[in-house]
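Residue numbers (UniProt numbering): 1 to 263.
First comes the structure, then the notes that go with it.
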């Protein structure tokens, strides 16, 4: 994947990217990466972040993995309330030990569709605080060529695109086998007397139906196992236990908020 000299008709999903621009030496030749110990502030409002299927295993240890929209896009749920991320904080720090999705780690680089050229091009978020002419690691060298750092970032984006397409194929496989169902995450609060109250719906989302999965013919299950899809399906199903973790963290922080306001 190469850098480009013109914008063309740029399209694509740019969650977190406020000012995406095609990367080129003329406009960005003096830009450099700003080294930050806590670099993820841009994602602090990311309630749900796209995942690739190969991330299901590690991501499922930290978050519920759901499927959203008509496209059934896989998402890591990182918060319960809109604009809230329970694991990435406003100062850019993260909770210890949580998995950071590749979608977040590739920032401020991203691939976008250039409709005029019929190809994908490398872009950067020009508004990112991680990029500055006063930064430490240049994007281009003295000859105007991408530095090793930039080349590695471009390769990361290329690899991410490969995984994204593999994820599309995985989702299509689930659709073809009619494995999706609408699910709900619920929370049962305790009443004043300590007894369980009325269950409350936290979220509605698409997930794999265990009933439909178990009803598949043995031959089809063997196909899913041989392709690796079955392992990813189980990683998704196990991850749904993570709703309890999100609810517990949210309730704890809400209980701490009044005390914090008094200090």
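Even for Gly, the Cβ is constructed at its ideal location relative to N, Cα and C.
It should be emphasised that the depicted structure is a prediction, and the values quoted were computed from it without experimental measurement.
Q: Go to residue 224, then tell me how far its alpha helix (DSSP H) extends in each direction, as first and last residue.
A: 218 to 227
Q: Tell me, please, which residues DSSP counts as bridged to residue 205.
A: 183
Q) Are residue 57 and residue 235 closer than 9 Å when you measure CB to CB? A) yes
Q) Residues in its own chain within less than 7 Å of residue 216 by CB, not counting five upstream and five downstream? A) 177
Q: For residue 48, collect the residues of the same chain with a Cβ closer than 6 Å to its Cβ; drop the 5 residues on either side in sequence, then sort them by chain order.
A: 75, 77
Q: Flag this pair as touching only if the stretch 81 to 97 and the stretch 35 to 53 have three or more C-beta atom pairs under 8 Å; answer yes or no.
A: yes
Q) For the alpha helix (DSSP H) that residue 59 lies in, which residues bound it at each end? A) 56 to 59
Q. How big is the Cα-Cα spacing for residue 250 and residue 34?
A. 32 Å
Q) Which term fits residue 64, buried or exposed, when burial requires 16 or more other beta carbons within 10 angstroms of its beta carbon? A) buried
Q. Which value, in whole angstroms, describes the spacing of the CA atoms of residue 247 and residue 229?
A. 29 Å
Q: Within the same chain, show all residues whose beta-carbon is closer than 6 Å to that of residue 7, passing over the 5 residues directly before and after it, in chain order.
A: With a pLDDT of only 33 at residue 7, under the threshold of 50, the placement of this residue in the model should not be trusted, and no figure is reported.
Q: Return helix, strand or coil for residue 21, following the three-state DSSP convention.
A: strand
Q. Going by beta carbon distance, what residues of the same chain come within less than 7 Å of residue 192, once the five residues before and after it are set aside?
A. none
Q) Roughly how many angstroms separate the alpha carbons of residue 109 and residue 123, rounded to a whole number? A) 6 Å
(Q) Can you check which of these residues, 106, 225, 32, 93, is closest to residue 51 by C-alpha distance? (A) 106
Q: Quick one: measure Cβ to Cβ for residue 202 and residue 186, integer angstroms, because I've assumed they're closer than 8 Å.
A: 6 Å
Q | Exposure of residue 55, with buried meaning 16 or more beta-carbon neighbours within 10 Å | A | buried
Q. For the stretch 25 to 110, which segments carrying the alpha helix (DSSP H) assignment without a break, of at least 4 residues, lie completely within its bounds, in sequence order?
A. 25 to 28, 56 to 59, 102 to 105
**Q.** Anticipated Cβ contact below 8 Å, residue 149 with residue 137, distance rounded
**A.** 5 Å
Q) By a C-beta neighbour count over all protein chains shown, 10 Å radius and 16 as the cutoff for buried, is residue 199 buried or exposed? A) exposed
Q) Could you give the distance in angstroms between the alpha-carbon of residue 147 and the alpha-carbon of residue 31? A) 11 Å
Q) To the nearest angstrom, how far is it from the Cα of residue 162 to the Cα of residue 184? A) 31 Å
Q: Starting from residue 119, trace the beta strand (DSSP E) both ways and give me its first and last residue.
A: 119 to 125
Q. Is it the case that the Cβ atoms of residue 72 and residue 180 are separated by a distance below 9 Å?
A. yes
Q. Where does residue 3 land, buried or exposed, given buried means 16+ other C-beta within 10 angstroms?
A. Because residue 3 carries a pLDDT of 39, less than 50, the predicted location of this residue cannot be relied on, and no value is offered for it.
Q: Would you mind reading off the limits of the alpha helix (DSSP H) that contains residue 14?
A: Here residue 14 belongs to no alpha helix (DSSP H), and DSSP marks it neither H nor E.
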